[in-house]
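Mapping of the sequence shown onto the numbering used here: position 160 corresponds to residue 162, and the numbering continues sequentially without gaps.
Ideal placement from N, C-alpha and C gives every residue a C-beta, glycine not left out.
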Amino acid sequence: MMDIQKFAERAQKGLAHRKAELSRLSILVSGSHQDSSQESVICRSSIVLTYAHWEGFVKQISKLYVEYVNSCKVPVLDMKPCFQAAHVQTHLNRASKGVRIPFLAELLDRIDLDRKATFFVDPVRLVDAESNLTSEVFRNIVASIGLAYLEFYSTRQVFIDEKLVFSRNQIAHGELVPFRSAEALERIDVVRTLLDMYANQIIDAARDNSFLKVPPLGSASGCL
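Below is the structure:
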């Protein structure tokens, strides 16, 4: 079992590594304006790497959270509906428009039995960043692990879609789009804040047992 302390340590370690690299990147970008021949190269590279940390950390800590929830060995019936749905999804995937009534009855029986089992899902299957971590995909990941989509995320949706995903795709797909240091630094700063907020939200959720349908009252910390 992964206890709350180990979970928090692993989450913070992953965050610290990415923030340290983003800080070093920020220093490089800040100094690049002194040499116009280098500025565009450094800034374009930093935009791709900044996006990589955005997508990479969201996937990393979200999967880690699912691993932690798995380790708590909670009955499916006690979980939030999103986790219950994830647990029985394998049966639902077999359903189709042409399924006969007897099979549907059997399917319902299996789902009912599954909901009485101990919760476990594959973190890779539950946390899917698809091909680009747009604001919509991020919202889906947040919802799939039972968290609230914070106002800060909502107010940064255009930033995520246009300044992170779209700009990264322009560069990664070979477009020779120039970027200045101020533009690159803005992306680095906002991503650092996004990573901080998401890490804190997930660590708090683990400590508060927020994955449960009815979280315990009092000062419970981690799996009960």
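| Asked | Found |
| --- | --- |
| Distance cut-off 7 Å: S156 Cβ against heavy atoms of the ligand GDP | As presented, the structure is devoid of all ligands, the ligand GDP included, so that no description of it is given. |
| Where the alpha helix (DSSP H) containing C74 begins and where it ends | Note, C74: premise wrong, no alpha helix (DSSP H); not H, not E. |
| Paired residues, beta bridge with M81 - DSSP | L214 |
| Beta-carbon gap between K82 and F213 smaller than 8 Å | yes |
| N72 to Y155 span [Cα, whole Å] | 27 Å |
| Beta-carbon gap between V78 and K118 smaller than 8 Å | yes |
| When L30, S64, D37, H35 are compared against S48, the one with the closest alpha-carbon | L30 |
| A174 beta carbon less than 8 Å from that of V50 | yes |
| CB-CB length for S38 against C45, believed under 8 Å | Incorrect: roughly 11 Å between the Cβ atoms, too far for contact. |
| Residue burial classification, A13 (beta-carbon count within 10 angstroms, cutoff 16) | buried |
| Unbroken stretches of the alpha helix (DSSP H), 4 residues or longer, contained in the stretch 118-196 | 125-128, 137-146, 153-156, 169-174 |
| Segment contact flag, the stretch 175-193 with the stretch 142-156, C-beta cutoff 8 Å, min 3 pairs | no |
| Neighbour-count burial assignment, T195, 16 or more Cβ in a 10 Å radius | exposed |
| V216, buried or exposed, once every other Cβ within 10 Å from all chains shown has been counted against 16 | exposed |
| V123 and A145 closer than 8 Å at C-beta | no |
| Delimiting residues of the alpha helix (DSSP H) encompassing S34 | 6-34 |
| Own chain partners of S42 with C-beta closer than 6 Å, once the 5 adjacent residues on each side are dropped | P180 |
| Whether C84 touches C225 by CB criterion (8 Å) | no |
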